[in-house]
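Everything on this sheet refers to the single structure shown next.
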Amino acid sequence: MAKLTLPAEEWMYRGHAACPGCGPALAMRLLLKGLGPRTILAIPACCWTVIATPFPTTALAVAVLDNPIESTGASLAGLRAAADALGLADVTVAGFAGDGGTADIGLQALSGMLERRTDAIFVMYDNEGYMNTGVQRSGATPQGAWTTTTPVAGTRRGKREPKKEIMEVVLAHHPSYAATANPAFPEDLVRKAERARAARGPRFLHILAPCPPGWRFSSEETIALGRLATETGLFPLYEVEDGVYRITRPYGTLKPVDEYVRAQGRFRHWTDAEIRELGAQARAGWERLCRRERETAAVARPPPIPLTA
Amino acid sequence: MTREVLSGNHAQSHAVRLARAQVISAYPITPQTTIVEKLAEFVATGALEAQLIEVESEHSALQAVVSASALGARTYTATSSQGLLLMHELLHWAAGLRAPIVMGVVNRAVAPPWNIGADHTDTMSQRDTGWIQFYPESNQEVLDTVLVAYRLAETAEVRLPVMVSEDAFYLSHTVEPVDVPEPEIVDRFLPPRTGHAILVPGTVGRLGSFTGPDRYVEFRRELARASAQVPRVLPEVEEEYRRLTGRSHGGALPTYRAEGADAVLVTMGTMTTTARTVVDELRAAGQRVGLAKLRLFRPFPDTELRRLAATVDRLGVVDRSYTFGASGAAATEVQAALYRGPHRPLVAGFLAGVGGRDVTPAHIRRMFAELLGPADPEPRWADLAPLEVDVHG
Amino acid sequence: MIEIRFHGRGGQGAVLASELLAQAAFLDGRSPQSFPFFGVERRGAPVTAYARVDDRPIGVRTSIVTPDVVVVLEPGLLRTTSVGDGLRTGGLLLVNSPLPPARLEAPDGVRRASVDATAIALAHGLGSRTMPIVNTTILGALARVTGVVSLEALGRAIDRYVPAAPAENRAAATDGFASVRLGDPAAPSANGAARIPFAVTVPIPEGPLARLPSSSIRTGSWRTLVPEIDERRCTRCNFCWKYCPDDAIELDGRGYPVLVLDACKGCGICAEVCPPHTIAMVAASEGP
Ligand SMILES: Cc1ncc(C[n+]2csc(CCOP(=O)(O)OP(=O)(O)O)c2C)c(N)n1
Ligand code: SF4
Ligand code: SF4
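Protein chains in written order, with the numbering used here: chain A, 641 to 949; chain B, 10 to 402; chain C, 2 to 289.
This is how it looks when you write it as C-alpha cells:
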C-alpha cells in the first residue's frame, strides 16, 4: 500500500453543496489539511458561502465567520487582534475568498491587511469569475473568456482585458509568505498551507480552482485541467518568502496551451492564432518567473519587517 | 473621581479607557478624529491595554470590531457622517451577529455640499439597522452613557451594538467640566466581558451562515426580541450606575417641567440644554411649557411617550435632519407611537439646527409660540424662518 | 387554473422547462405565470420551479404548495425529496423514468405517468450522460397527459426560447408526447398514508451557530453516474482519495478505496485520475 502523501485528517465534512467536480471544494479540503483544526476561517460572500450549506449545518469542521464580500482582509485583522487581546494561543487566522472577494471588491481590505502586516493568511481561490452569481466576469477572468457579462455575440468575443495579476499586487506589499497553489498538485498545496501556517505576518495563497459550470467543461476534467494550467506555464507554481522566489514545480519545457483551451467551452470561439498568442504569453510569464528566481536567489534576504497586529 | 475640563470627544475616549476596551479600530473623519487620537495616545502610553487597528476605511473599521467581538473581545469604534454611511452594510452585520460593539458617532451633516456641522441625517438614516441609539446633551452624559452602553450591550438578553452620538462641535469640540470616575468604580460596574465568545477556535461552528425563507425570519425575530428587552434592562443598568457614581441621566425620555404643561417640546442632543433654559424663562413668565428629551431613539421609547401624551395636548418635536419625502424622523416616530395609544395630542414637527446651524433661544421661543398658537401639524423649517435667502441666487 | 410544480436538479433545465411551459401557454392564448424557487442551487442539487396556467390573469404570487401536477425530471429525486408534498387528490405525478407508471410511488389517489426522457434526450444528443437535458422531452409528455399546452405551441416556444439545438429539442418534445404512459391512480396504501418519503428534517439547534455537520445531507442522490471500483487492478496509489472534492472515497485498512455512497456526486474525477484505470463510471441506477 502506498504511503499517504497527505495528512489523513479531514476538516471538511461530506455533504457540502458544491457542484460535482468543484475545484474550490477540493481546494478547501486540501487547504484545511495544511491549516489544521485551530483555524478560524473568515468567508465572504462567494460560492463557498453556499457550499458550506445552510444553517444549521456546516461543511467545515473549524470555526467560521461569514463576512460581506468586500471586507475579508479587515475581518482577519479583527480576528487576529481579538485572538491576541484574549490570549488565544496557537490560532491560525485565515480568510478564504473568491477572486472577486479578493482582487476586485475585496482589494482594499486585502491591501490594508497586507500593509498593516496583519498576522493572518489570506487565501484567494481563483475560479476566474463571479461564479456564485452565475458566471460573470471578474478582474481575474482571462482575456477572451466567455462569461454571461462578456458574451461572445455581435462584435464581442468574451472578456477584452487581460487577467489581473493579483500576485504582483500582493507582492508589492512585501508579504512574509506568498505562494501559488493548485489542487491538481495536492502535496504542493498542503505543504504551502503548512508553510503559511508556520510563518508569521501577512501571508497570501493564490489557489487556482477550476469550475466546471463556469469554465464549461465536464466535471471529471477538473484535475486534468488544473495540471495543464500549470504544465503550460499559464499558472506556474511558486512561492515567495521574504522576497525570494522559488519555483516549486520546475519544467524544462512547457506543454502547448491548445489542449487546455480546447477543453473549455468558455474558449470555444477561439481561433488558432488566439491560442498561439496565449501560448506566447504563457512562455513570457514563465521566463519572467525563472528570471526572478535566479535574481532573488543571488541577493541576500532583506531583514524581516517587524510585526504589528 | 477627578473633575476635568474635557471635550465631548475626549469624554468618550476616557469612557472607552475606563471600559477597558480590548480591540479598537477607527478611521479619521472630522469631527470624530480626536476621539481615536486620544485613544491612540492612551494605548501608546499604556493607560489602556488594547489592540488598536489603524484601518484603511470605516468599512474595515467596523468589520474589524465585528470580527473581534465575535471572538469575545470588548470593542470600540467611532465615526461620523460619510464614515457612518460607508459602514452601512456592516451595521446590519454587527446587529445580526449580535456583536455588543459600542460606537461613538459624532453627528455631522452629509454631503453634498460638504459640511461638517451638527446634523442627525447620518444616524437617522441608520435607525433601521438594529443598533441601539443614544443622543446625549452634555460631555458628562457622553462619558456616562458610553459606560452604560457597554453594560447594556453586553447584557445577555440584549447583546446588541450601541451608538452613542454627539452633536458635532456642540459636544465633540466643546470643553466643559466632566467628572471622570475612578477605574475601580467602573470595574465594579463593568466587569470584563465574559461568556460571550460566540466563536471558539478549535470547535465547530459557523457564525453568519445563510438560510432560506424557512429560517430567516426566526433570526430577525430574535433580534426584535433582544431590542424589546432594552426598556426593561436600561433602568436597571442606570440605577446601578447611579448607586456607584451618583449620576443618572433619566432613562429613555427624561422630562423637564412637563407636569401640567400646555405644550411640551421634544428635543434631542444639545439643543435640549438651550431649550431647558427657555422653558425656565417662559415658565417664569407664566407660560405652561415643558420639555422631553428623546435620549434613546432606538429602541423608540413608545411607552414613555404615551405616558407623556396623557398629560399634554400639544407636542412639538424638533428634528435635526429631514427625511425627504416625509418629514422629520423623530416627529414621524412620535406620531406613530401615539397613534397606537389612547392619547393623541397635536404633534407639530420642527426642523432646526440642520447642517450645524445654531438652535438659539429665539428659535426655541418661537417654536413654543407656534406650538401654542393655531394648530398646524405641518413640519416647519425653523432654520429658514429668520433668513429666507436663496443660496443659489 | 392549473398549478404545476417541477422538480429537477441544477443544470437539468427545470427552471427553463417551467418558463417554456409559460411561453407555450401564452402562444396558445392563455395566461401563464412561472418562477423558480430561488435557492442557491448548484449543478446537481435539487431545484424547484412553479408554473400556473389559466384563462384569465393569474391573481396569486406565491409558491405552489398544493399542485395539480408534479413533474419530476430526475427519478432519483423520488427517493430523496418530498416531491409529492401537497399533491392534490386526483392530481398527476409525471416522472422521467423508464419504469411503467404502476411502479411509481405516489400519494394516494394521485394519477401516475412516466416517460423515459433521459433515453429520448440522449438519442437526440441533448446533454451528456452525466447531465442529460430532459426538459423539452418531459414538456412534450406533459402536453399530452394534461393538455395544458398544445404540442404545436410548445414547438414554437422551443424555436423561440431554447438557446441551443432547437430542432433536436422539438423532436425530443414530439417523442415525449408520443411515448408518455399514463397509469391508474395509486391505490390507497394499507395505512392510508402517502407513501412518498419525506425529506430528512434537521433539528434546529440553540443559538446562532451552525454546527451540525453537513454529512447528514446526502448529496449522493445528486449523481447520475457512479464509480465502480475494480479492486483487482487497484495498486492502492490512493489518487482517488486525494482528488475527490467530496471526500467520498475512504481507504480501508488495507489501503483499498471504498466509496461513500451518501456523499459521492458522481463527478468522475476519481475515474479520470486513477493511473491503472480501475474505476469506471456507470449509470447510477445500475451502480451500487
Ligand atoms: C456588496 C455585494 N455586492 C454583490 C454581492 C453579490 N455577490 C455574491 S457572491 C458574488 C460573486 C463572488 O465572486 P468571487 O469572489 O469570485 O467568488 P465565487 O462566487 O466565484 O466563488 C457576488 C457578486 C454581494 N454579496 N455583496
Ligand atoms: S459554480 Fe463553480 S465554484 Fe461554484 S460550486 Fe459550482 S463548481 Fe464550485
Ligand atoms: S465520482 Fe469519485 S471523485 Fe467524484 S465525488 Fe464520487 S468518489 Fe468523489
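Where a beta carbon is used, it is the ideal one built from N, C-alpha and C, also for glycine. From a predicted model like this one, the values you see are computed outputs, not experimental measurements.
key: Sequence-distant residues of its chain with Cβ nearer than 6 Å to glutamine 60 (chain B) (five each side left out)   = Taking the second sequence and counting its residues from 1, the one referred to as residue 60 (chain B) is at position 51. Counting only Cβ-Cβ distances below 6 Å, and skipping sequence neighbours, we find Val32.
request  = Return the chain-ordered list of same chain residues with a C-beta closer than 6 Å to the C-beta of asparagine 192 (chain C), the five sequence neighbours on each side being excluded.
outcome  = Locating residue 192 (chain C) in the third sequence gives position 191, counting from the first residue. Note on asparagine 192 (chain C): pLDDT 42, under 50, position unreliable in the model; no value is reported.
inquiry  = Looking at chain A, is there any beta carbon in it that lies within less than 7 Å of the beta carbon of isoleucine 250 (chain C)?
reply    = On the third sequence, residue 250 (chain C) is found 249 positions in, with the first residue counted as 1. Judged by the 7 Å Cβ criterion, isoleucine 250 (chain C) is not in contact with chain A.
query = If we ignore side chains and look at the alpha-carbon of each, how far apart do isoleucine 44 (chain B) and phenylalanine 736 (chain A) end up?
reply = Start at 1 with the first residue of the second sequence, and residue 44 (chain B) comes out as number 35. Start at 1 with the first residue of the first sequence, and residue 736 (chain A) comes out as number 96. The straight-line gap from Cα to Cα measures roughly 33 Å.
ask   = Beta-carbon separation of glutamate 251 (chain C) and valine 261 (chain C) under 7 Å?
value = Within the third sequence, residue 251 (chain C) is the residue found at index 250, counting from 1. Within the third sequence, residue 261 (chain C) is the residue found at index 260, counting from 1. The answer is yes: Cβ separation under 7 Å.
request  = Using a Cβ cut-off of 7 Å, pull out every chain C residue sitting near tyrosine 653 (chain A), in sequence order please.
outcome  = Here residue 653 (chain A) refers to the residue found at position 13 of the first sequence. Here the neighbours are Pro214, Ser215 and Ser216.
Nearest-angstrom Cα separation, counted from valine 897 (chain A) out to arginine 950 (chain A) = The structure shown does not extend to residue 950 (chain A), since chain A is modelled only from 641 through 949, so no value can be given for it.
Proximity test, serine 778 (chain A) beta-carbon vs ligand 1 heavy atom, cut-off 6 Å = One-based indexing of the first sequence puts residue 778 (chain A) at position 138. Yes - ligand 1 has a heavy atom lying nearer than 6 Å to the Cβ of serine 778 (chain A).
task = Can you tell me which of the three DSSP states glycine 784 (chain A) falls into?
result = Position 144 of the first sequence, counting from 1, holds the residue named residue 784 (chain A). Coil at glycine 784 (chain A), not helix or strand.
message = Which residues of the segment 63-93 of chain B have a Cβ closer than 9 Å to any Cβ of chain A? Give them in chain order.
response = Glu63, Val64, Glu65, Ser66, His68, Ser69, Ala70, Leu71, Gln72, Ala73, Val74, Val75, Ser76, Ala77, Ser78, Ala79, Leu80, Gly81, Ala82, Arg83 and Thr84
request  = Could you tell me if the beta carbon of glutamate 249 (chain C) falls within a distance shorter than 6 Å of some heavy atom in ligand 3?
outcome  = Position 248 of the third sequence, counting from 1, holds the residue named residue 249 (chain C). Looking at the sequence shown, residue 249 (chain C) is not glutamate but alanine. Within the cutoff, so yes.
key: Contact check, isoleucine 863 (chain A) vs alanine 821 (chain A), beta carbons under 7 Å   = In the first sequence, counting from the first residue as 1, residue 863 (chain A) sits at position 223. In the first sequence, counting from the first residue as 1, residue 821 (chain A) sits at position 181. Not a contact, by the Cβ cut-off of 7 Å.
message = Check this for me: beta carbons of proline 684 (chain A) and glycine 741 (chain A), under 7 Å apart or not?
response = To locate residue 684 (chain A), count along the first sequence from 1; it is residue 44. To locate residue 741 (chain A), count along the first sequence from 1; it is residue 101. Cβ distance < 7 Å, so proline 684 (chain A) and glycine 741 (chain A) count as in contact.
inquiry  = Contact criterion: CB-CB distance below 7 Å. Does glutamine 344 (chain B) meet it with respect to chain A?
reply    = Position 335 of the second sequence, counting from 1, holds the residue named residue 344 (chain B). By this cut-off, glutamine 344 (chain B) is not an interface position.
task = Report yes if the C-beta of cysteine 271 (chain C) is less than 6 Å from at least one heavy atom of ligand 3; otherwise report no.
result = As a position in the third sequence, residue 271 (chain C) is number 270, starting the count at 1. Yes, since a heavy atom of ligand 3 falls inside the 6 Å radius drawn around the Cβ of cysteine 271 (chain C).
Interface residues of chain F facing proline 210 (chain B) [CB-CB closer than 7 Å] = Here chain F cannot be found, since the structure's protein chains are A, B and C.
message = Since glycine 661 (chain A) and isoleucine 270 (chain C) should fall inside the 8 Å C-beta cutoff, what is the C-beta to C-beta distance between them, to a whole number of angstroms?
response = Taking the first sequence and counting its residues from 1, the one referred to as residue 661 (chain A) is at position 21. Taking the third sequence and counting its residues from 1, the one referred to as residue 270 (chain C) is at position 269. Rounded, the Cβ-Cβ distance is 6 Å, consistent with contact.
query = Quick one: what's got a C-beta closer than 6 Å to serine 98 (chain C)'s C-beta in the same chain, skipping five residues either side?
reply = Your numbering for residue 98 (chain C) matches position 97 in the third sequence. These residues qualify, in order along the chain: Pro76 and Ser115.
query = At what residue ranges does the segment 66-125 of chain C contain a whole run of the alpha helix (DSSP H), taking only runs of 4 or more?
reply = 78-81 and 118-124
query = Where do the ends of the alpha helix (DSSP H) carrying tyrosine 244 (chain C) lie?
reply = The count along the third sequence starts at 1 and reaches residue 244 (chain C) at position 243. That run of the alpha helix (DSSP H) goes 240-244.
query = Got a sec? Which residues, its chain only, sit under 6 Å from alanine 46 (chain C) by beta carbon, not counting five neighbours each side?
reply = If you number the third sequence from 1, residue 46 (chain C) lands on position 45. Hits under 6 Å: Gly11.
task = Out of C:Arg89, C:Ala284 and C:Phe240, state which residue places its alpha-carbon closest to the alpha-carbon of threonine 645 (chain A).
result = Sequence index remark: in the first sequence, residue 645 (chain A) carries index 5 (1-based). Of the candidates C:Arg89, C:Ala284 and C:Phe240, the one whose C-alpha sits nearest the C-alpha of threonine 645 (chain A) is C:Phe240.
request  = Whole angstroms is fine: what's the gap from valine 151 (chain B)'s alpha carbon to arginine 251 (chain B)'s?
outcome  = Taking the first residue of the second sequence as 1, we reach residue 151 (chain B) at position 142. Taking the first residue of the second sequence as 1, we reach residue 251 (chain B) at position 242. Rounded to whole angstroms, valine 151 (chain B) to arginine 251 (chain B) spans 15 Å at the Cα level.
request  = Could you tell me whether any Cβ in chain A is nearer than 7 Å to the Cβ of phenylalanine 377 (chain B)?
outcome  = In the second sequence, the residue the question calls residue 377 (chain B) occupies position 368. No, because no Cβ of chain A sits closer than 7 Å to the Cβ of phenylalanine 377 (chain B).
task = Could you spell out where the alpha helix (DSSP H) holding arginine 171 (chain C) opens and where it closes?
result = The sequence position of residue 171 (chain C) within the third sequence is 170, counting from 1. Here the alpha helix (DSSP H) through arginine 171 (chain C) covers 167-180.
Cβ neighbours of arginine 307 (chain B) in the same chain (closer than 6 Å, five flanking residues each side left out) = Mapped onto the second sequence, residue 307 (chain B) falls at position 298. Arg136, Ile141 and Gln142.
key: Strand pairing of serine 657 (chain A), partner residues [DSSP]   = Within the first sequence, numbered from 1, the residue matching residue 657 (chain A) stands at position 17. Sequence inspection shows alanine at residue 657 (chain A); the serine mentioned does not correspond to that position. Per DSSP, none; premise fails for alanine 657 (chain A).
message = Quick check on the burial criterion: 16 or more other C-beta atoms within 10 angstroms. Buried or exposed for glycine 713 (chain A)?
response = What you label residue 713 (chain A) is simply residue 73 of the first sequence in a count that begins at 1. Its Cβ being crowded by 16 or more others within 10 Å, glycine 713 (chain A) is buried.
ask   = Taking Cβ to Cβ, would you say glutamate 342 (chain B) is nearer than 7 Å to glutamine 238 (chain B)?
value = Taking the second sequence and counting its residues from 1, the one referred to as residue 342 (chain B) is at position 333. Taking the second sequence and counting its residues from 1, the one referred to as residue 238 (chain B) is at position 229. No; because the gap between Cβ atoms is not below 7 Å, this pair is not in contact.
Rounded straight-line distance, which links the Cα of serine 218 (chain B) to that of arginine 678 (chain A) = Taking the first residue of the first sequence as position 1, residue 678 (chain A) is located at position 38. Taking the first residue of the second sequence as position 1, residue 218 (chain B) is located at position 209. Cα-Cα distance, rounded: 19 Å.
inquiry  = For the segment 217-237 of chain B, list every residue whose C-beta sits within 7 Å of some C-beta in chain A, in sequence order.
reply    = Gly217, Ser218, Phe219, Thr220, Gly221 and Arg224
ask   = Which value, in whole angstroms, describes the spacing of the CA atoms of phenylalanine 377 (chain B) and valine 298 (chain B)?
value = To locate residue 377 (chain B), count along the second sequence from 1; it is residue 368. To locate residue 298 (chain B), count along the second sequence from 1; it is residue 289. So the two alpha carbons sit approximately 8 Å from each other.
ask   = So, helix, strand or coil for serine 778 (chain A), using DSSP?
value = By 1-based counting over the first sequence, the position of residue 778 (chain A) is 138. Here serine 778 (chain A) sits in coil by DSSP.
query = Taking the runs of the beta strand (DSSP E) that are 3 residues or longer, which of them lie wholly in the segment 184-250 of chain B?
reply = 184-189 and 214-216
ask   = Between the C-alpha atoms of alanine 319 (chain B) and serine 217 (chain C), what's the straight-line distance to the nearest angstrom?
value = Along the second sequence, one-based indexing puts residue 319 (chain B) at 310. Along the third sequence, one-based indexing puts residue 217 (chain C) at 216. Cα to Cα, alanine 319 (chain B) sits roughly 58 Å from serine 217 (chain C).
inquiry  = Against chain A, which members of the segment 135-157 of chain B pass a CB distance test of less than 8 Å?
reply    = none
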